[in-house]
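Read the structure below first, then the notes.
Numbering (the numbering used here), first residue to last: 271 to 387.
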């Protein structure tokens with residue numbers, strides 16, 4: 271366990287995916303399947319250690335869980351993770367296709383400061 275061994279402060283743990291699930295069950299015609307489809311309007315991301323504030327819930331959806339109230343671009347999440355790993359998200363680049371590319375894009379991106387301890 272990272273916390274027991276004193277390693278959690280120096281280790282960033284990130285759990286999540288690129289989409290959530292629709293808040294309502296869906297009946298798929300012809301296949302007899304009830305389920306929830308991919309949903310890119312709202313999803314859960316969990317982070318711990320590595321300078322992230324513990325016990326913080328950030329962001330919210332509408333009453334149906336359908337859409338984020340104040341959506342953030344995923345580039346801000348990338349900037350937060352990179353910064354907590356000790357990298358400058360706005361200067362980190364990699365060469366691809368003949369050009370220097372940045373994970374956060376060409377415009378300056380701020381990390382999600384509300385998550386940083």
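The beta carbon of each residue, even a glycine, is placed where N, CA and C say it ideally should be.
- Taking C-beta atoms under 8 Å as the contact rule, residue 282 and residue 351 qualify, at a distance of about 7 Å.
- Here residue 348 really is in contact with residue 359; their C-beta atoms are around 7 Å apart, less than 8 Å.
- In the same chain as residue 364, and ignoring 5 residues on each side of it, the C-beta atoms closer than 6 Å to its own belong to 371, in chain order.
- If you compare the alpha carbons of 357, 375, 379 with that of residue 320, the shortest gap goes to 357.
- Between residue 383 and the set 368, 354, 334, the nearest pair of CA atoms involves 354.
- Burial is judged here by how many other beta carbons sit within 10 angstroms of a residue's own beta carbon; residue 295 has fewer than 16 and is exposed.
- By the neighbour-count criterion, in which 16 or more other beta carbons inside 10 Å mark a residue as buried, residue 381 falls on the buried side.
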